[in-house]
Structures are given as C-alpha cells and as structure tokens.
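Engineer: Provided herewith is a single structure, encoded as structure tokens, for subsequent inquiry.
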Amino acid sequence: MTATVFAPGDSGSTAGKSAAQKPVSSAVQALQLSGKDGRLTLPKRDTEQFGLVGVTWTSPKAKLDADIEVRTHRLATGAWSDWHSVQAENDDAPDAGAEPNARGGSAPLYVGLSDGVQARVTSKSGATGIPAGLRLDLVGDKQQKTSVNVAMAPVAYAADAADADATETPSPG
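Here full-length UniProt numbering is used: the sequence shown runs in plain steps of one and ends on residue 173.
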C-alpha cells in the first residue's frame, strides 16, 4: 500500500479555503423549564440541530445556586447521552456596563451535534437558588442540515501499489 500526505491549505486545493471564509450564522433555541420548590425540568424533546448548551436567566446580577444537568440525543449515535453537568459559575456573568438586554448565564457546554435534549435543575438552597427567567439555550448553525457538513481538502489518501514488494523500503523521488 502506498500513502500520500498533503498538508492542509495546499496551494492546489481551495476546498478548505472556501469553508474557512464563510461566516457562521448561529441559531439559538430558548426552552423554558418548569417545576416548583427549587426543582425545574425539561422532559425529553426533539429540537433543531445544535452543538452547544447553556442556561441563562433574566438578571445578569442574579446568582444561580443549583446543579444543572443535561443529556442530549446525539446524531452520531442515534442514542441519548449520559447526564452532563453544566457549570453555573457566576464569573460567567456579563461585564458591568454590558448590553442592557444582557442575561446572566452559565458557561456553554459542547455536546456534539444533537437533535434532542432533556434537562434538570436542582437548587442547592430551595426556590431562592434559582433566578427568575431561567431557560435552556441551545446554539446551532443555521445552515447545518446534516450530521456532516464540512468542506475540507483531503490531507492523506492511500492506494494499493500492485507492483510494490512488501519488504521493499520506499525511497523518495
């Protein structure tokens, strides 16, 4: 077998260049959680495709004192993932003087390309640990329509060498 390797960005290829020059247009799906007494849930549901999950709430100054867990329906496997924690560190809040419509929020969690979600939020301090307007935000690519949508130049390929001797060491040139 003979293998040939090309470096990405090879001057003979424009596939990688055209993909890198296109702007990415994001789509956000905002999903409300429901519940009471410091426990909110979002039952399993189908969604548009997404790859990032975050939790946001109305006031950027409010503190979230809760455990947040999500699981997603992965396109790659067709199965539901295990539960994953979303980090609600309060240092992810918008900076002072930020946009007037800014929301408080968690750090985003990359979950891979998914088309379904389930969530649960459990306050550590009763109902007071969950700020008003809490929702689950799913971020995806507006143009993403399939599980594989990447224009990329090949970086390697292999081909059978019919006349090559298996013990022969290849030499350059």
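We put the beta carbon where it would ideally sit given N, CA and C, even for glycine.
Suppose you measure from the CA of LEU75 to the CA of GLY112; what does that come to, to the nearest Å?
Structural biologist: The alpha-carbon atoms of LEU75 and GLY112 are separated by roughly 8 Å.
Engineer: Between which two residues does the beta strand (DSSP E) holding GLN87 run?
Structural biologist: GLN87 -> no beta strand (DSSP E), and no H or E assigned at all.
Engineer: State the Cα-Cα distance for the pair ASP137 and SER125, rounded to the nearest angstrom.
Structural biologist: Rounded to whole angstroms, ASP137 to SER125 spans 23 Å at the Cα level.
Engineer: How long is the line joining the alpha carbons of THR128 and THR47, rounded to whole angstroms?
Structural biologist: Near 30 Å, if we compare the C-alpha coordinates of THR47 and THR128.
Engineer: I think THR72 touches VAL117, with their Cβ atoms under 8 Å apart; what is that distance to the nearest whole Å?
Structural biologist: At roughly 5 Å, the Cβ-Cβ gap stays under 8 Å, so THR72 and VAL117 are in contact.
Engineer: Assuming GLU99 is part of the beta strand (DSSP E), what are its boundary residues?
Structural biologist: Here GLU99 belongs to no beta strand (DSSP E), and DSSP marks it neither H nor E.
Engineer: Under a Cβ-count criterion, where at least 16 other Cβ atoms within 10 Å of its own Cβ denotes burial, should ARG45 be classed as buried or exposed?
Structural biologist: Flag for ARG45 reads exposed.
Engineer: Is SER106 helix, strand or coil by DSSP?
Structural biologist: Of the three classes helix, strand and coil, the one that applies to SER106 here is coil, per DSSP.
Engineer: Which residues in the same chain as residue 229 place their Cβ atom closer than 7 Å to its Cβ, once the five residues preceding and following it in sequence are excluded?
Structural biologist: Lying before the first or after the last residue shown, residue 229 is absent from the chain, which here runs from 1 to 173.
Engineer: Rank ALA62, ASN101 and ALA132 by C-alpha distance to the C-alpha of LEU40 and give the top, closest one.
Structural biologist: Minimum Cα distance to LEU40 is reached at ALA132.
Engineer: Who are the near neighbours of GLY35 in its chain, counting only those whose CB is closer than 7 Å to its CB and skipping five residues on each side?
Structural biologist: Within the same chain, GLY35 has close Cβ partners THR41.
Engineer: Could you check the C-alpha separation between residue 195 and ASN101 for me, to the nearest Å?
Structural biologist: The chain is shown from 1 up to 173; residue 195 falls before or after that span and cannot be answered.
Engineer: Hey, would you say LEU31 sits closer than 8 Å to ARG135, going by beta carbons?
Structural biologist: Contact flag set, yes.
Engineer: By the three-class DSSP mapping on this structure, what secondary structure does THR122 have?
Structural biologist: Three-state DSSP puts THR122 in a strand.
Engineer: Would you identify the three-state DSSP class for LEU113, choosing helix, strand or coil?
Structural biologist: Strand, per DSSP.
Engineer: Going along the chain, which residues of its own chain have a beta-carbon closer than 8 Å to the beta-carbon of LEU64, five neighbours each way excluded?
Structural biologist: Cβ within range, chain order: VAL55, TRP57, ALA88, ASN90, GLY104, SER106, GLY129, ILE130, PRO131 and LEU134.
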